[in-house]
Amino acid sequence: MIRLGVLVSGNGTNLQAIIDAIEAKKLDAGVNVVISNNPNAYAIQRAKNHNIPVEVILNSTSSAREDYDSIIIETLKRYSVDLVVLAGFMRLLSSKFIRAFPMRIMNIHPALLPAFPGLNVQKKAIDYGVKFSGATVHFVDDGVDTGPIIIQAVVPVYDDDTEETLAERILKEEHRIYPYAIQLFAEGRLEIKGRRVIVKDSKKLEPPYLENPVVSSNKHLLK
Ligand code: GAR
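So, in structure tokens, the structure goes:
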């Protein structure tokens, strides 16, 4: 069983999905500490509901990013964490942090990277006019949302979508793939080769694949 340190800033629905997967015995891990930079994050309550230790480390603790990160690193080491899980943690990490846990920090991002890194990405996807978006779990490197990709899930973007309806559709997929990505790590099935993450013994999709809008069965169009 691997030991997780989950970093949060907000609602914590991904934290909840991880806790639920552990309790359902689909994820062979324990959440040993939840760290929040936001004292009002609902994620804190979710952790407390499951008797998980919570550490609130305010952004104002230190103005220098490296000093702030040193406190988080020290806290994660105190709980002997094997894998750091960013679950809606709205703060960039310093390279000192990345070096402290090389390829042992995962993040979930609500878009199909490398499209739409950064913030407000559901709006960016709608404004760009893509027909699909989704969620990406990746290892964290020095860049913003640039690390090796572990798993992605795709959702359609509809003409009448708002930022909220798309975010909700993506979030459902996040809750499916994040616990699974962590389980793959726990089983030692993730092999990093340069930018690529090879997932040992993974299943392949069968055609037909996806299109959006759905191709009409109109014979005239199909010819
Ligand atoms: C999720 O959609 C996650 O992908 C996103 O914040 C939300 C957190 O929700 N993360 C980022 O945008 C990171 N750049 P949650 O607190 O309910 O898990």
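Residue 41 in our numbering is what sits at position 39 of the sequence shown, and the numbering runs on without skipping anything.
Glycine residues also receive a C-beta, built at the ideal position from the N, C-alpha and C atoms.
- Message: Quick check: His177 and His140, are their CB atoms within less than 9 Å of each other?
- Response: no
- Could you say which of Gly136, Ala127, Thr148 and Lys28 lies nearest to Thr164 if we only look at CA atoms? Ala127
- Helix, strand or coil at His111 according to DSSP, with G and I counted as helix: strand
- Range covered by the beta strand (DSSP E) that runs through Leu6: Ile4 to Val10
- So Ile46 is in the alpha helix (DSSP H); what residue range does that whole segment cover? Tyr44 to Asn51
- Message: Under DSSP, the beta strand (DSSP E) around Lys195 begins and ends at which residues?
- Response: Leu192 to Lys195
- Query: Nearest CA to the CA of Leu114: which residue from Tyr130, Thr138 and Leu173?
  - Reply: Thr138
- Where Phe91 falls: helix, strand or coil (DSSP): coil
- Do Gly136 and Gly12 have their C-beta atoms within less than 9 Å of each other? no
- Message: Short of 8 Å in beta carbon distance, which residues of its chain neighbour Tyr44, apart from the five on each side in sequence? Order them along the chain.
- Response: Gly12, Asn13 and Gly14
- Report all residues from its chain with a CB closer than 8 Å to the CB of Val146; omit the five preceding and five following residues, and keep chain order. Leu94, Pro119 and Gly120
- Task: Measure the alpha-carbon distance for Ser72 versus Thr63 and round it to whole angstroms.
- Result: 11 Å
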